[in-house]
Amino acid sequence: MNEQVVRIRAIDPLLFRDGRPFGADIGSLLAQTLPLPYPSTLAGFVRTFAGNRWGVDWADEASVQRVLNIHVRGPLLMRNDKHVFRAPADAVVWEQGEKKQVGLTSLRPQPVQPGEGSNLPPGILPLLPQKYIEGKPSEGYDLWTWDTLSQWLADPTGDATSSPEKIGWLEVEERVHVAIEDDKGTSKEELLFTVQFLSFERYRWEGQAQREQWALLVRVTADEPVSLQGVGLLGGEKRLAAVEAVDNSRWLGCPPELGQALRGASRIRLFLATPAIFSGGWKPGWLDANLTGSPPFAPNLKLQLVSAAVRRHEAVSGWDYREDHRCPKAVRWLAPAGSVYFFQVLEGEPELLATEAWLQSVCDDLQDQRDGYGLALWGIW
Amino acid sequence: MTYLLSISIGPVQEFIAAARRTADLRAGSQLLQQLAGHIAAQITQQGGTLIFPASADVPGPNKVVAQIDTDQPSEMVSMLKESATEWLWQQWQRVRERLKAEGVLVNDQLAQEQIAAFLEFYAAWVPLHGDYSAARQRVELLLAGRKVLRDFAQPSSVHGNPKSPLDPSRDCVIILNRKGSWYQVPDNAQQSPSLRFKKTEFLDAISLLKRGQEARDVPSTSLLAARSVLPIAEKRVPDAVETLRAAVRDTHGLVDMGDLMFPARLQEEASAHPVLQQQREQIEEARRKILRSAGVSECPPYYAVLVADGDRMGRLIGMQNTVDKHRALSQAMAGVARQMSEAIQQRDGYCVYAGGDDVLALLPVNRALECAVQLAHLFRKAISFFVTSEDAGGTLSVGVAIAHHLESLQRTLQWAREAEKLAKRQRNALGLALHLRGGAPLEVATSWQKDPYLESWMVWISAFRQGLSHGFPYELLHLAREAEGCHLNAETLRGEARRILNRKQGREAKGGMEPFRQQMEAELEKIHNVHDLEALAHRLIIARFLSRYPEVDV
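Protein sequence lines, in the order shown, are assigned to chains A and B. For what it's worth, my numbering labels the leading residue of the first sequence as 24, then goes sequentially. For what it's worth, my numbering labels the leading residue of the second sequence as 37, then goes sequentially.
The following block contains the structure:
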């Protein structure tokens with residue numbers, strides 16, 4: 024088995040279309056980008072790159088299957104060479120007072136008092152804040168550094184975690200273009216169109232020059248050796264990205280303190296590092312009607328779902344490029360990255376989550392697992 | 037047993053914003069209001085007492101708070117959800133019949149699944165023993181805890197089926213015609229005056245539900261842009277306006293007057309409607325006459341989207357410590373919602389939604405500021421009775437985005453929400469954003485407390501109209517950029533700004549400038565640092581833009 028960690032850096036600003044139409048009609052004059060590419064986009068990119076290196080005949084179904092078997096885990100987002108993740112959905116961040124001091128509290132499953140209730144799915148407890156918060160949560164804390172997130176995952180109550188740094192999404196650049204009359208060579212009246220791009224590099228002035236560089240990290244596993252080094256086209260509008268193999272140690276392992284916390288733990292949390300596709304929609308398909316089951320890669324561990332923090336679904340579709348049937352793929356809804364699931368351990372030793380199931384997919388479908396959806400980090404509560 | 041029940045329905049902003057036309061926007065908003073109204077009516081029928089909204093007849097927001105007497109609150113909530121889904125289903129049946137009558141066929145099974153899975157219905161309840169404040173706080177906490185899990189099931193979707201352009205997370209349910217290697221909406225659907233499909237509008241059931249609503253007299257964004265001149269022309273050249281109106285009637289509503297005010301739009305519509313082609317010369321002549329009467333050479337292509345939201349409403353509601361007080365606040369909200377809607381209409385705008393502390397409206401650019409002032413005033417007045425301390429809220433933050441009439445509606449709404457966020461940073465403020473095509477957006481916040489009538493805007497708009505050089509704001513901006521990092525003191529910055537103002541008043545305009553001179557200088561006195569100077573320059577660039585719009589006699 025050939026395994027390598029690959030860093031993908033944008034040479035140009037990149038566009039990851041969100042599925043809305045882009046054309047000459049009023050209302051579709053904008054190509055909108057997603058805030059981050061979906062795992063399958065990166066998997067497709069890496070596989071195309073590898074397939075071209077192998078000299079694959081793309082019209083041949085068997086060759087295509089050979090490429091589809093390449094397992095691409097990721098993308099993990101890097102900011103200035105450090106890992107950052109989507110903010111966990113079980114955290115509430117707010118700024119208080121004139122100095123905008125940052126407060127942080129956790130949401131934890133809590134039984135309701137007699138007579139009280141909500142229409143949560145059966146067997147699920149509401150997640151309530153551990154501290155009283157006045158006002159609304161603050162915006163702009165979209166991404167958390169690994170330092171903060173690893174503390175958060177090892178912290179059962181959320182009280183011992185330092186406040187997160189304010190890190191927002193990558194900047195979106197907009198470029199306005201004009202359509203040209205073919206015969207006259209002049210601009211077409213009123214036909215301006217706009218394309219959004221994600222900028223992977225940003226300079227800011229905050230008393231001193233600040234440089235922010237972003238990259239994507241994937242872990243590629245293939246049956247045959249493949250050289251992943253060079254430049255390829257990533258996303259829409261034929262934009263370039265550089266691919267380079269990096270040391271496998273750049274992939275995140277479970278920190279020893281967290282591994283220790285997981286050992287013998289009776290209550291564990293699952294954090295989605297990448298969005299997940301579950302047959303049950305928000306709920307993993309490996310849970311039975313009683314909300315119990317074993318996650319993939321940890322078959323000896325039996326868990327019971329107690330609660331979940333899942334933001335509104337995202338959707339992925341894409342285009343099937345296979346020669347014989349080029350068409351849109353069926354749409355599937357995703358549990359967004361940053362979702363947190365709370366479990367009770369019924370049987371088994373959860374320590375193996377820190378090894379066997381660490382940054383492995385918790386999706387139900389094998390191809391979704393190979394595409395990098397649903398990569399899991401684990402913690403306690 | 038008596039319970040306090042709190043219900044929240046959704047999706048709201050995403051659902052309303054998924055619109056290509058203003059009619060879709062209106063229909064989305066109306067559907068949600070009616071749905072909330074239906075839930076409220078069901079609660080009343082079951083013997084419950086509404087607290088918010090005060091009555092099921094009031095335009096319903098996406099939230100319902102009520103007192104209910106039951107031994108099985110969980111069953112009652114399930115029944116309410118089923119009833120809400122059934123109500124949506126009935127609406128869909130009506131739309132489906134209408135589509136059928138127009139010869140548009142749909143995939144019934146897929147549509148049924150989309151309608152059934154659409155509604156987000158979150159509910160929480162607590163026993164109500166007497167302490168209303170504590171019960172309300174607890175039920176809202178539980179509701180927030182409920183909403184942390186946005187549960188969903190996988191949608192039905194078919195490999196190869198096109199996705200809906202308004203909501204690409206859903207499949208198209210229209211039975212499409214195959215055209216070459218791709219699809220097209222059937223011709224009859226494109227020609228229907230009420231449906232007005234584009235050939236690639238592969239809509240999902242939820243978007244069709246909006247498109248199928250009766251939507252009379254919903255102005256297009258082009259018409260809202262044109263309304264910065266049409267009401268003036270109505271008084272000065274009524275015959276020309278009537279010519280356009282007659283042409284609109286001849287197309288049976290397939291175009292509106294906004295389409296006729298822009299040459300490129302007219303050309304497009306005339307090629308689609310022969311009746312317009314025949315009248316093209318008269319329409320062009322009437323358009324020129326209208327523009328002359330308003331003193332402009334071309335129809336200004338921008339319009340404004342206004343969104344507003346009450347500040348610290350949660351705290352204000354929390355202070356209403358009895359059911360009666362909370363209900364009285366709800367009634368006041370309903371009252372001010374009506375007044376706001378009227379105020380918007382009086383200013384040639386279109387009120388998409390007014391729920392008291394939550395407003396969405398479309399306006400002509402030259403009426404937007406005046407309308408924002410009026411809405412903030414109405415809100416303060418209506419709510420003042422309930423505000424018992426300074427930090428209790430009861431003020432209105434307003435966001436206004438000025439955008440091109442051809443810009444996507446979803447994006448313009450997003451800009452208006454961003455402008456509202458800018459206002460919310462200080463609360464009780466106006467956030468005004470100008471999104472010119474091909475230029476960087478400009479955003480400026482103005483506090484209602486410091487400037488309740490926006491005089492700091494009006495003085496510059498008037499000065500530009502009287503001849504203040506249009507280069508003035510750019511010179512101030514240049515100064516701000518040069519001064520950054522130079523540690524110039526405030527007096528030096530003000531002195532330099534005064535010098536530029538003196539130089540930029542223009543010889544001919546100097547006399548006309550005199551009435552504003554004192555106020556303009558007072559505005560320059562407010563510069564304390566480079567950021568103030570930059571903010572003023574941005575405000576002046578927007579004021580200069582607004583000054584080119586014709587003045588409306590109020």
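All C-beta atoms, glycine included, are put in the ideal place defined by N, C-alpha and C. Here the structure is a predicted model, which means the values were calculated and not measured.
Asked: Quick one: using the 10 Å Cβ neighbour count with 16 as the cut-off for buried, is Y344/A buried or exposed?; Found: exposed
Asked: Locate the alpha helix (DSSP H) running through F500/B, then write down its first and last residues.; Found: 491 to 501
Asked: Using the beta-carbon of each residue, which ones in chain B are nearer than 9 angstroms to V333/A?; Found: V184, L185, R186, D187, F188
Asked: Using beta-carbon positions only, say whether L504/B and Q541/B come within less than 8 angstroms of one another.; Found: yes
Asked: So, do the region 320 to 338 of chain A and the region 352 to 359 of chain A have three or more beta carbon pairs nearer to each other than 8 angstroms?; Found: yes
Asked: Applying the criterion that 16 or more other CB atoms from any shown protein chain within 10 Å of the CB defines a buried residue, is R535/B buried or exposed?; Found: exposed
Asked: Using only the alpha-carbon positions, how far apart do V201/A and L342/B sit?; Found: 28 angstroms
Asked: Of all the CB atoms in chain A, is at least one closer than 8 angstroms to the CB of L245/B?; Found: no
Asked: Buried or exposed: A282/B, going by 16 or more other Cβ atoms within 10 Å of its Cβ?; Found: exposed
Asked: Can you name the residues of chain B whose CB is closer than 7 angstroms to the CB of A338/A?; Found: P204, S205
Asked: Going by other Cβ atoms of all chains shown within 10 Å of its Cβ, with 16 needed for buried, is T58/B buried or exposed?; Found: buried
Asked: State the start and end residues of the unbroken beta strand (DSSP E) segment that holds G289/B.; Found: Counting along the chain, G289/B falls outside any beta strand (DSSP E), and DSSP gives it neither H nor E.
Asked: May I have the straight-line CA-CA distance separating T279/B from I52/B, to the nearest angstrom?; Found: 34 angstroms
Asked: Buried or exposed, going by whether 16 or more other CB atoms sit within 10 Å of the CB of A558/B?; Found: exposed
Asked: Express the C-alpha separation of F220/A and A340/B in angstroms, rounding to a whole number.; Found: 26 angstroms
Asked: What does DSSP give as the partner residue(s) for N25/A in the beta ladder?; Found: A245/A
Asked: Could you compute how far the alpha carbon of G308/A sits from the alpha carbon of P179/A?; Found: 26 angstroms
Asked: For a contact defined as C-beta to C-beta under 9 angstroms, what are the partners of I203/A on chain B?; Found: Here the premise fails: no neighbours, minimum Cβ distance about 15 angstroms.
Asked: Check whether the region 456 to 473 of chain B touches the region 429 to 443 of chain B, counting contact only when three or more Cβ pairs, one atom from each stretch, lie closer than 8 angstroms.; Found: yes
Asked: Kindly say whether P279/A, judged by its beta-carbon, lies nearer than 8 angstroms to any beta-carbon of chain B.; Found: no
Asked: Provide the residue span of the alpha helix (DSSP H) that contains D144/B, from first to last.; Found: 144 to 154
Asked: Name the residue from M115/B, A404/B, R247/B whose alpha carbon lies nearest to the alpha carbon of A344/B.; Found: A404/B
Asked: Please confirm if P97/B has its CB atom under 8 angstroms from at least one CB of chain A.; Found: no
Asked: Residues of chain A with a CB under 9 angstroms from the CB of H195/B: which are they?; Found: D343, H348, C350, P351, K352, A353
Asked: I'd like to know whether the C-beta of S366/B is nearer than 8 angstroms to at least one C-beta of chain A.; Found: no
Asked: Name the residues in the region 153 to 172 of chain B whose C-beta lies less than 9 angstroms from a C-beta of chain A; which are they?; Found: E156, F157, Y158, A159, A160, W161, V162, P163
Asked: Based on the DSSP secondary-structure assignment, which residues constitute the bridge partners of R574/B?; Found: Looking at the sequence shown, residue 574/B is not Arg but His. Beta-bridge pairing links H574/B to no other residue.
Asked: Can you check whether the C-beta of D21/A is within less than 8 angstroms of a C-beta belonging to chain B?; Found: The structure shown does not extend to residue 21/A, since chain A is modelled only from 24 through 404, so no value can be given for it.
Asked: Looking at the structure shown, is Y510/B part of a helix, part of a strand, or coil, going by DSSP?; Found: helix
Asked: Do the region 513 to 530 of chain B and the region 559 to 573 of chain B touch if we need at least three Cβ pairs shorter than 8 angstroms?; Found: yes
Asked: Contact defined as beta carbons within less than 8 angstroms: I believe I31/A pairs with V266/A. What is the distance between those atoms, to the nearest angstrom?; Found: 6 angstroms
Asked: Should L369/A be labelled buried (16 or more other beta-carbon atoms within 10 Å of its own) or exposed?; Found: exposed
Asked: Where Q390/A and L193/A are concerned, what is the direct C-alpha to C-alpha distance, given to the nearest angstrom?; Found: 29 angstroms
Asked: Which residue's Cα is closest to the Cα of R416/B: N525/B, W484/B, V100/B?; Found: W484/B
Asked: Could you name the residues of the same chain whose beta carbon sits closer than 7 angstroms to that of L57/A, not counting the 5 residues immediately before and after it, in chain order?; Found: F39, D41
Asked: How is the beta strand (DSSP E) around F298/B delimited, first residue to last?; Found: Per DSSP, F298/B belongs to no beta strand (DSSP E) and is neither H nor E.
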